[in-house]
Amino acid sequence: MRRESMQLRFTPKELKQVADLLQMTWRARVALYRRALRSEPHPSSGGPVTPASDSSWARGLLSQPTCLVDTSFAVLDWNQPFAKLVRVSERRLARGNLMSLLLMEDVAREWADGDTWQEILAAELIEAAALHWTESPHLQQLHEAALDDPVVGSVYEKSAGYTFPERNCKLAMRYLHPGVQEVTFTHAGGLQ
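Residue 20 is where the sequence shown starts when you use the numbering used here, and the numbers rise one by one after that.
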């Protein structure tokens with residue numbers, strides 16, 4: 020532990036020791052990691068997140084699939100490459116959820132490197148459910164659906180110990196479609 024600006028900062032190793040000592044459940048462990056490391060920026064973090072009120076930002080990004088999501092992963096905005104990638108109607112996408120689209124839709128299961136990026140997304144969902152369990156029935160439903168899903172269930176259970184370092188994510192997805200190397204999603208914060 021280091022003392023900086025009158026605040027204690029914990030390393031992931033120290034947090035793991037505390038969680039192991041207290042025999043924390045995965046939900047408590049994820050909440051501990053997220054709360055303790057929340058203020059510590061990830062080195063690759065690109066700066067402040069665009070506010071959700073300015074939701075037209077993603078439409079201007081042309082090359083890689085990009086979407087803006089809230090805390091419960093409801094899709095707030097997206098660009099055309101993202102819409103082409105997930106292959107659902109604009110209407111369905113407007114009411115869509117990133118986790119449902121990428122973890123539990125058949126189209127996403129055909130993509131290459133599924134084990135790698137599904138584990139990262141599952142870890143994101145686990146952390147969000149742990150942090151917002153009481154205030155988000157939608158995250159509770161997604162959590163149950165992921166556990167019950169015959170394909171994602173085992174990946175979801177494996178992801179429980181994964182600590183995701185930042186709220187904005189670029190998922191590397193090789194051989195997805197010609198010219199597509201990654202999918203970016205950005206958290207706008209808050210629940211819808």
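The C-beta atom is built at its ideal place from N, Cα and C for all residues, glycine as well.
Inter-residue spacing [alpha-carbon to alpha-carbon] between residue i and residue j
i: residue 152; j: residue 158; result: 7 angstroms
i: residue 43; j: residue 156; result: 23 angstroms
i: residue 172; j: residue 40; result: 27 angstroms
i: residue 121; j: residue 128; result: 8 angstroms
i: residue 123; j: residue 30; result: 34 angstroms
i: residue 125; j: residue 133; result: 12 angstroms
i: residue 36; j: residue 88; result: 33 angstroms
i: residue 10; j: residue 51; result: Nothing can be reported for residue 10: it is not among the residues displayed for the chain, which extend from 20 to 211.
i: residue 118; j: residue 163; result: 12 angstroms
i: residue 258; j: residue 145; result: For the chain, the structure presents residues 20 to 211; residue 258 sits outside this window and is missing.
i: residue 33; j: residue 48; result: 12 angstroms
i: residue 161; j: residue 109; result: 21 angstroms
i: residue 38; j: residue 99; result: 42 angstroms
i: residue 113; j: residue 97; result: 9 angstroms
i: residue 143; j: residue 174; result: 12 angstroms
i: residue 95; j: residue 105; result: 15 angstroms
i: residue 116; j: residue 136; result: 16 angstroms
i: residue 138; j: residue 177; result: 7 angstroms
i: residue 103; j: residue 140; result: 20 angstroms
i: residue 148; j: residue 131; result: 27 angstroms
Terminal residues of the beta strand (DSSP E) in which residue i lies
i: residue 96; result: 94 to 97
Beta-carbon spacing of residue i, residue j below 7 angstroms
i: residue 90; j: residue 101; result: no
Segment limits, alpha helix (DSSP H) that includes residue i
i: residue 133; result: 133 to 151
i: residue 167; result: 156 to 167
i: residue 124; result: No alpha helix (DSSP H) contains residue 124, which DSSP labels as neither H nor E.
i: residue 173; result: 171 to 177
i: residue 36; result: 31 to 40
i: residue 114; result: That residue, residue 114, is in no alpha helix (DSSP H); it is neither H nor E in DSSP.
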